[in-house]
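In UniProt numbering, the protein residues as written are 1 to 351. Reviewing the structure listed below.
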Amino acid sequence: MKALVYHGPGRKSWDEVPDPVIQKPSDIIVKIDTTTICGTDLHILKGDVPAVTEGRILGHEGVGTITEVGDAISTLKVGDRVILSCVSACGRCDYCRKGVYSHCRADEGSPGIGWIFGHLIDGTQAEYVRVPFAETSVHKIPEGVSDAEGVLLSDILPTGHEIGVQYGQVKPGDVVAVIGAGPVGLAAILTAGLYGPSRVIAIDLDANRVEEAKKFGATDGVVNSDPDWKEQVLAMTDGLGVDVAIEAVGIPQTFSDCLAITRPAGVVANVGVHGTGVNLPLDTLWISNIKMTMGLVNTNTTDTLLKMVASKKLDATPFVSHTFKLDDILEAYDVFSRAAETKALKVMLTS
Ligand code: NAD
Ligand code: ZN
C-alpha cells in the first residue's frame with residue numbers, strides 16, 4: 001500500500017510500504033476513506049516530537065471501512081464505517097477505567113500514552129491502518145454524518161472542547177479568548193458556544209483566520225500583530241482581562257500572552273503542543289489565583305459531540321477548506337503548511 005512516511009525532521013515521502021496485518025485479537029484493519037493533516041503533524045515534521053522515529057507512518061485522524069477483524073472482536077464487522085480516534089484506549093487499565101484515555105497504560109507502542117497513531121505506531125495517512133483496541137477506540141458513524149464531519153471528530157473537535165473549553169471551565173457569561181485560530185482553536189471557539197459565554201474573542205496573527213473565526217461563533221477578533229492588541233482585548237472586558245484564555249498555537253510567546261490577558265482567578269487552558277519550555281514568572285503570578293491547565297485530549301466527549309454533529313446542533317462543515325485525493329498528500333501538506341497564503345483550514349484527503 002501507499003503511506004506518508006516520516007524520515008526525520010523536515011523529511012517525508014509518499015512511499016510503497018507493506019500492508020498492515022492483524023497482530024492481536026483486539027485489532028481491526030481499516031481501509032482509509034478520508035484522512036487529514038493536523039498542526040501536530042507539522043510539529044512532528046519540525047522535530048518537536050522526538051518520540052516519533054524515522055520510518056513512522058504519520059496521521060491520527062480518519063474515517064474508514066473495516067476490512068478485517070481480529071478474533072476477539074464481536075461488536076464490529078467487516079464493512080462498518082468508523083471514525084478512528086486519535087486516542088486508542090484499551091478500556092481496561094486504571095486510567096481508562098477513570099475515563100482518562102489519554103494516559104491509557106496498555107502496552108502498545110509505549111505504555112502510558114493514548115495517542116499512539118502516527119506517534120508510537122503507524123498512523124492513518126495511508127491506504128490501510130491497523131487499529132488496536134478497536135472495540136474501545138473507534139466510533140461507528142451514524143446515518144447522515146459525512147466522512148468529513150467524522151474526520152473532525154477524530155481529534156480537533158474533542159481537543160478544542162475538552163482541553164480548551166472544559167479544562168478552561170467556560171461558564172455562562174464568561175469572556176473567552178482563544179489565541180490561535182487554526183482548526184483546533186476554531187474547534188474551541190465552536191464548542192465554547194455550547195456553554196453560553198458572553199464574548200468569544202479570536203486572536204491570531206493571520207487576519208483571514210480571525211475573520212473565519214466569526215463563522216464558528218467568535219463575537220470579536222483581534223490580530224495580534226497590532227502593537228496595541230492587548231489593550232484591544234482588555235477594552236473588551238472591564239479592563240481586568242478575560243475569564244478564560246485558551247492557547248491553541250504551541251509556542252512560548254502565545255502561552256505568555258494568555259497569562260497576560262487573563263484576569264485574576266481566571267483560567268489559562270493550554271492546548272498547544274510545545275517543542276520548548278516556557279518561562280513561568282511565578283514571582284508576579286503567584287498572587288493572581290490564575291489556574292493553568294494542560295493536557296492531551298481524552299476523547300471522552302467524542303460520542304456527545306458526534307450526536308450533536310449528527311443532529312446538526314454543531315455545524316462542523318466550515319472546517320473543510322480543501323479536498324485532495326490521498327495520492328496527492330504531498331501537495332496537501334504544502335497547502336496546509338502555508339495556511340496564511342492558501343487560507344487552508346482542514347484539508348480532506350479522500351481515497
Ligand atoms: P495550526 O498550525 O493549523 O494553527 C495554529 C494557528 O496559530 C494558526 O492560525 C497561526 O496563524 C496561529 N499563530 C501562530 N503564531 C501565532 C502567534 N504568535 N499569535 C497568534 N496566533 C499565532 O494548528 P492546529 O491544527 O489548529 O493546532 C493547534 C495546536 O494544538 C498545535 O500546537 C497542535 O499541535 C495542538 N494540538 C494539541 C492537542 C492536544 O491534545 N493537546 C491535540 C491536537 C492538536
Ligand atoms: Zn487503557
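Virtual Cβ for every residue (Gly too), placed ideally from N, Cα, C. Since the model is a prediction, treat every value here as computed from it, not as a measurement.
When you compare the CB positions of residue i and residue j, do they come within less than 9 Å of one another, or not?
i, j, result
"residue 114", "residue 101", "yes"
"residue 246", "residue 176", "yes"
"residue 20", "residue 45", "no"
"residue 163", "residue 271", "yes"
"residue 140", "residue 81", "yes"
"residue 268", "residue 201", "no"
"residue 347", "residue 317", "no"
"residue 106", "residue 86", "no"
"residue 172", "residue 197", "yes"
"residue 278", "residue 256", "yes"
"residue 349", "residue 34", "yes"
"residue 4", "residue 333", "yes"
"residue 95", "residue 295", "no"
"residue 43", "residue 273", "yes"
"residue 191", "residue 305", "yes"
"residue 354", "residue 132", "Because the chain in this structure spans residues 1 to 351, residue 354 falls outside the shown range and cannot be described."
"residue 156", "residue 180", "no"
"residue 22", "residue 69", "yes"
"residue 244", "residue 174", "yes"
For residue i and residue j, I'd like the C-alpha separation in whole angstroms.
i, j, result
"residue 151", "residue 63", "6 Å"
"residue 41", "residue 58", "7 Å"
"residue 130", "residue 2", "14 Å"
"residue 67", "residue 61", "18 Å"
"residue 222", "residue 214", "11 Å"
"residue 234", "residue 259", "13 Å"
"residue 124", "residue 32", "7 Å"
"residue 301", "residue 158", "6 Å"
"residue 276", "residue 51", "15 Å"
"residue 208", "residue 340", "8 Å"
"residue 229", "residue 136", "45 Å"
"residue 53", "residue 337", "21 Å"
"residue 104", "residue 134", "14 Å"
"residue 326", "residue 185", "25 Å"
"residue 112", "residue 293", "19 Å"
"residue 97", "residue 148", "30 Å"
"residue 288", "residue 47", "35 Å"
"residue 299", "residue 74", "22 Å"
"residue 224", "residue 182", "14 Å"
"residue 18", "residue 77", "23 Å"
"residue 36", "residue 199", "30 Å"
Could you spell out where the alpha helix (DSSP H) holding residue i opens and where it closes?
i, result
"residue 231", "229 to 235"
"residue 209", "207 to 212"
"residue 12", "That residue, residue 12, is in no alpha helix (DSSP H); its beta strand (DSSP E) goes 12 to 16."
"residue 64", "Run containing residue 64: none in the alpha helix (DSSP H); it sits in the beta strand (DSSP E), 62 to 69."
"residue 149", "147 to 152"
"residue 343", "It is not in any alpha helix (DSSP H) - residue 343 carries neither H nor E in the DSSP assignment."
"residue 39", "39 to 46"
If distances are taken between C-alpha atoms only, which option among the options comes closest to residue i?
i, options, result
"residue 290", "213, 191, 169 and 229", "169"
"residue 160", "328, 16, 333 and 38", "38"
"residue 6", "259, 342, 121 and 81", "121"
"residue 194", "254, 210, 165 and 179", "165"
"residue 206", "127, 239, 249 and 68", "249"
"residue 261", "79, 23, 238 and 275", "238"
"residue 15", "337, 328 and 23", "328"
"residue 142", "78, 264, 212 and 309", "309"
"residue 88", "154, 183, 244 and 326", "154"
"residue 127", "77, 244 and 29", "29"
"residue 280", "252, 266 and 274", "252"
"residue 342", "321, 326 and 325", "321"
"residue 265", "240, 254, 282 and 283", "240"
"residue 56", "109, 90 and 315", "109"
"residue 71", "224, 148 and 27", "27"
"residue 217", "187, 76, 244 and 224", "187"
"residue 236", "263, 211 and 254", "263"
Mind checking which residues open and close the beta strand (DSSP E) that includes residue i?
i, result
"residue 319", "Run containing residue 319: none; DSSP gives neither H nor E here."
"residue 29", "28 to 36"
"residue 238", "Unbroken run through residue 238: none, as it is neither H nor E."
"residue 329", "Run containing residue 329: none in the beta strand (DSSP E); it sits in the alpha helix (DSSP H), 329 to 337."
"residue 349", "346 to 350"
"residue 105", "Careful: residue 105 lies outside any beta strand (DSSP E) and carries neither H nor E."
"residue 199", "199 to 204"
"residue 308", "Segment 302 to 310 is the alpha helix (DSSP H) holding residue 308; no beta strand (DSSP E) there."
"residue 264", "262 to 270"
Of all residues in the structure, which have a C-beta closer than 5 Å to any heavy atom of the ligand ZN, taken in chain order? Residues with a Cβ closer than 5 Å to any heavy atom of the ligand ZN, in chain order: 90, 93, 96, 104 and 106.
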